[in-house]
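Chains as they are written, first to last, in my numbering: chain Y, 4 to 385; chain X, 4 to 385; chain A, 650 to 937; chain H, 650 to 937. By construction, the Cβ of each residue, glycine as well, lies at the ideal position given by its N, Cα and C atoms. Values in this document were obtained by computation on a predicted structure and should not be read as measured data. Notes follow once the structure below has been shown.
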Amino acid sequence: MKLFEYEAKNLLTNHGIPTPKGELATTPTQAQKAAEKLKPPYAIKAQVLVAGRGKAGGILFANSTEEAKKAAEKILNMQIKGIPVKSVWIEEKINIKKELYFGITTDRFSQSYVAVASASGGMDIEEVAEKHPEKIVKTTINPLYGLHPFQARQIARKIGYSSNQLSELGRIFEKLYTLGMQYDSELIEMNPIVETADGNFMAADARIIIDDNSLFRHQEYKKRLLEGNSELSQQELEAMKSGLAYVKLNGNIGVVGNGAGLVMATLDTIQYYGGKPANFLDVGGGAASETIAAALKIVLSDPDVKTLFINILGGITRCDEVAHGILEAKAKVGIAKPIVIRLVGTNEQEGKRILTEAGIHVLESMEEAAQKAVQTSKQGGN
Amino acid sequence: MKLFEYEAKNLLTNHGIPTPKGELATTPTQAQKAAEKLKPPYAIKAQVLVAGRGKAGGILFANSTEEAKKAAEKILNMQIKGIPVKSVWIEEKINIKKELYFGITTDRFSQSYVAVASASGGMDIEEVAEKHPEKIVKTTINPLYGLHPFQARQIARKIGYSSNQLSELGRIFEKLYTLGMQYDSELIEMNPIVETADGNFMAADARIIIDDNSLFRHQEYKKRLLEGNSELSQQELEAMKSGLAYVKLNGNIGVVGNGAGLVMATLDTIQYYGGKPANFLDVGGGAASETIAAALKIVLSDPDVKTLFINILGGITRCDEVAHGILEAKAKVGIAKPIVIRLVGTNEQEGKRILTEAGIHVLESMEEAAQKAVQTSKQGGN
Amino acid sequence: MGIIIDKNTRAIVQGITGTQGTFHAKLMLEYGTKIVAGTSPGKGGTHVHGIPVYDTVEEAQEKHSANASIIFVPAPFAADAAFEAMENGITTIVIITEHIPIKDAISVMARAKQLNTTVIGPNTPGIITPEQCKLGIMPSHIFKSGNVGMISRSGTLTYEIAAGLTKNGIGQSTCLGLGGDPITGLNFIDALKMFEKDASTQAIILIGEIGGNLEELAAQYIAKEKYPKPVVAFIAGRSAPPGKRMGHAGAIVMGKVGTAESKIQALTEAGVKVADKPSDIARILMHG
Amino acid sequence: MGIIIDKNTRAIVQGITGTQGTFHAKLMLEYGTKIVAGTSPGKGGTHVHGIPVYDTVEEAQEKHSANASIIFVPAPFAADAAFEAMENGITTIVIITEHIPIKDAISVMARAKQLNTTVIGPNTPGIITPEQCKLGIMPSHIFKSGNVGMISRSGTLTYEIAAGLTKNGIGQSTCLGLGGDPITGLNFIDALKMFEKDASTQAIILIGEIGGNLEELAAQYIAKEKYPKPVVAFIAGRSAPPGKRMGHAGAIVMGKVGTAESKIQALTEAGVKVADKPSDIARILMHG
């Protein structure tokens, strides 16, 4: 679960990490009032969870409260990557000498958290890692001890600091690590953390992604995920509530399958045959008929979907349950769109019988079914 | 730092460990009012930090609020091992089926925390350990992981429980461990934790000793140690504030020395020659003249002290500083009592010169000085 | 033969009294897996399909001396179950449970390394050495004994491919699900090393997906060590957009890390044939 | 000869810019100890008595490759300093600092075991191999080189006894302060094993005190292993009441555990001569 910049910054501030003074606003007037409490010049920043708001014009600067109001108005009327901006963060613009990067993420191979730092911050860190790997300082964190304060200082040294600045930066790194662990962050980063003109350090931007699987330990965020996350589409919210994995894509073939790998391979096969998947939807293992029906309802409610492709390989999932789910969805929601079904595995015969009797044709080969789905999606026109 | 039973029980309750419902009272009327909120019968327990309050009559039972008031009055007028009782804890008396023991302490050899449990609780656990070692279940806790929930259940099994009771007891053990670690406890125990008539578990008594050295992480208790600890004598409080290690003993020879081992050996040598030390006081390493003066002031303010024995082996501590401190104390406090000084080590000659010029005789042998101190203490009569 | 488990494996089922645990204990028993005991704190003394249930692994071990465990315990308690197994002498642990927090998984793996315990999963369909032993939730009938080893990050995709192999008469030595989470016990390199030593395995199928760089590291390993057995691969997620989690917690492209293209390129450069579609794998194995 | 440190020991001083660190760095240098660097986060680039000061042990190690460290860092930061030394290749660490929380000490010792690092202290006067190397705060002039090893939980009591030995012409191989805290790096048995192997040590003095059972365990070890060198002991605290902390955090009788009587009895039964008074030790060594 991604936190908004303002949520992340508030957490950092509460944990003793210096951040620019700022406030949240949801209207231009609020933005102006917020600015009155701060020292100009101001930065006004769109609060969205998608990346790339800077390039999209979601960050503006202002020298007066009046200008801040105008900037906020402009941003609040914006859409960034299709997402309407609902709030802005107004903060004091800082006098930057140097932009650094510091973050904690996980490393799959070493099965550990890893601290990543760079003297080249403020840009895409993966790009730095790719083009200038020598500018990246990676520190594997021993899971049994966490990031030691001395390690935080060693990192500060390796990105070029010494003496008091090394100590200060070390303390900030240490605090960010502690904060990250407290909130089960799979990613926590300051990009950039800046050295100001007077030699101090400040987190100019912050990003926190909480491990979804840990939300049972963070009930306040679990609640906020389901209630306040303004950026989820209707389909995404529904899927989340039904415990289904759903991702919206750009095409027109709606996909429902069981198992993440199989569904991914289904999308790839559709693409291989020249079609465009409209979504990823995994009903998981052993789905009951109601789950199948809920899944179909979600996919069918997407106006972009021209054709529906159901790909089920029954293991724990029983084909007869899937068949019942399809008929249930057909009865309740109505399936007006063309549908292609591939159904094999546990109770395959029974599942086929149920569907065939209801007049629905069932295929056995995933490739054949994918080709047919692509063909159908093109007939409908887009 | 020892916590009172009521402090410990409140912590346990806040951490989800069942304890008998109860309240604190400092007057008999308060005790009666407290009882009105509880279900009879009641247990009224003296809140003192010394052990053995039960045998001393510090725990009474009552069937009515009126009786509770009387019991509280009786206890509040009591002294236990010389300590006046300032408050009582009134709680609902529980219906006990079985008394168990569970605690976390440290093990020096394995350099770890260790969980100790026994199906024989409610009595001195060291006595159980000595007489029936087979009744003690010891579990070394891996410092890198803490007490795993499964280990807590294993312990519950080893003291004779299974099924739901095993799970429930395991959860309580786990919580006590978590609480202990959170408060840097060098000892945390429930003695007894009881199985009630209906098969549930409850901490009937609780003891927590916080590691003094960790108090910088627990400011609230550091404050309470210096302010609210009613059981410290004037001398003990003064010593604590001056950062001196002081322990009151039963004899009449006041002792001041440098280094814990040396002071202990000094007491032992006094005893060896038939004398009785009045206290332990270690001025620590490298004490300045003011520290020496403060130490002398504390020891001299004890009316039991007939003779003063100063034993200094100068290493970091300089003998001339010690000599100055003695003269300072003499000037400010006045030293009316006989004084025996043994002073050797760093700057020995200068120290001796200063004292000799002031008319104070200095010895070189610890044994000789101890003998003289014993002799002097007996001349004065006691 | 095969790797990690075989007909001598003696397993306990942790969380045997839950719906999944009970259901799959039966299927494993029917497959011939030696399930010697089950555990479920608070349910000790009962039986499931005739299997004795204990409150603790310690007690189960005193009476049955198992060497493997399969965990169906809910996510908040799964790490504790894994520690319980490890600390009580179990040397192979299969964690079926999905949705275990990363922090918990990291902690489990650190201890497993110290104790030299083999951990499979979490979020895995498990492992099967066909016709000998199954510690997992996979449908058994699609597997048959043979000479191809499989290593996979995906469940149903493994079934899809295994079913294709079996239909084409190609049997499997062992099929191993690494698990769909970012932090898993075994990785591709660990499994490749095991299959290298297994005489019954003549070729290996590597089924990867987007997220992380474990496929790339496996490719480096294959190239550097001149891996002596043929490897065929399939990578799912070519059509996945960056920043989106595709069902598995581990299936996500972060920035530029973890794309299918990167993995396919690395594997191809290491001499591994990468199939375009799942059904191509059997074809490549048979005809090169 | 001697144990743990000798004239080849290359040491850094952690916390060298503090009052104690600066003062004792000078005394150690004067004694001939090879102090190659000091550390103090935030004070990198300065010098103390001509010794270069670095922000991190890592940097000090890159430039000076020390093998030992002595820590004067304040208690809240001392554990971190110990970890820093260990993780940067220091193999002998002397922690002078007093008042380190038990939890921190336990954590340090667990890691030291994994890395096979020798930790002396905390709350120790340190260690001295007379006329070769001193890593500690003891007054040097009372020690002289010789054949008696000392192991002690107390500082000034060690000085008292060492001064007595030296006055009687008995020199010391190494004098080791274990530390006055309940949790220390080395215990009596560890030190006895080291002195057993040290050819220059012909007899050992064991100076214990109330609290814990490490003296009893040492007695068991001496009896069981038929320890080949004579051991003379002194135990402080016969007159200490139970439940009271006698200056050292570790010097406390808890219930019935840790009394001087118990220790004296155990040692006596193991054939160790236990002195009644500190001055008796030299006498026992000379005349038996």
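Span of the alpha helix (DSSP H), counted from its first residue to its last, around residue i
i, result
"A/I652", "Premise fails: A/I652 is in no alpha helix (DSSP H) and is neither H nor E."
"Y/M243", "Q237 to S245"
"A/Y870", "L863 to K873"
"X/P31", "P31 to E39"
"Y/M205", "Taken as a continuous stretch (DSSP letters only), Y/M205 belongs to no alpha helix (DSSP H), being part of the beta strand (DSSP E) at F204 to A206."
"A/I755", "I751 to L764"
"Y/A132", "I128 to K134"
"X/I158", "P152 to K161"
"A/T666", "Counting along the chain, A/T666 falls outside any alpha helix (DSSP H), and DSSP gives it neither H nor E."
"H/T850", "H/T850 -> no alpha helix (DSSP H), and no H or E assigned at all."
"A/I930", "D929 to H936"
For residue i, three-class secondary structure by DSSP
i, result
"Y/N13", "helix"
"X/N385", "Model confidence at X/N385 stands at a pLDDT of 43, short of 50, so the residue's coordinates are unreliable; what they give is reported in the following sentence. It is coil, neither helix nor strand."
"Y/D285", "strand"
"Y/L3", "Nothing in the structure corresponds to residue 3 of chain Y, since chain Y is present only between 4 and 385."
"X/V88", "coil"
"X/L366", "strand"
"H/I745", "coil"
"A/G687", "strand"
"Y/G337", "coil"
"Y/N167", "helix"
"X/E94", "strand"
"H/Y808", "helix"
"H/P890", "coil"
"X/R321", "coil"
"X/R174", "helix"
"Y/E234", "coil"
"X/M81", "coil"
Residues bridged to residue i (per DSSP)
i, result
"Y/L63", "Y/I47"
"A/H696", "A/P701"
"X/A118", "X/I107 and X/T142"
"A/I800", "A/L825 and A/L855"
"H/I776", "H/L784 and H/L825"
"Y/N314", "Y/G260 and Y/R345"
"Y/R210", "Y/E192"
"H/S794", "H/Q821"
Outcome for residue i when other beta-carbon atoms lying within 10 angstroms are tallied against a minimum of 16
i, result
"H/G886", "buried"
"X/H135", "exposed"
"H/P927", "buried"
"X/G277", "exposed"
"A/M799", "buried"
"H/H936", "exposed"
"A/G804", "buried"
"A/D830", "buried"
"Y/G202", "exposed"
"X/N385", "For X/N385, the pLDDT reaches just 43, beneath the cut-off of 50, and the residue's location in the model is therefore unreliable, although a value from the coordinates is still provided. Exposed is the call here."
"X/F219", "exposed"
Enclosing beta strand (DSSP E) for residue i [first to last residue]
i, result
"X/M193", "S188 to T199"
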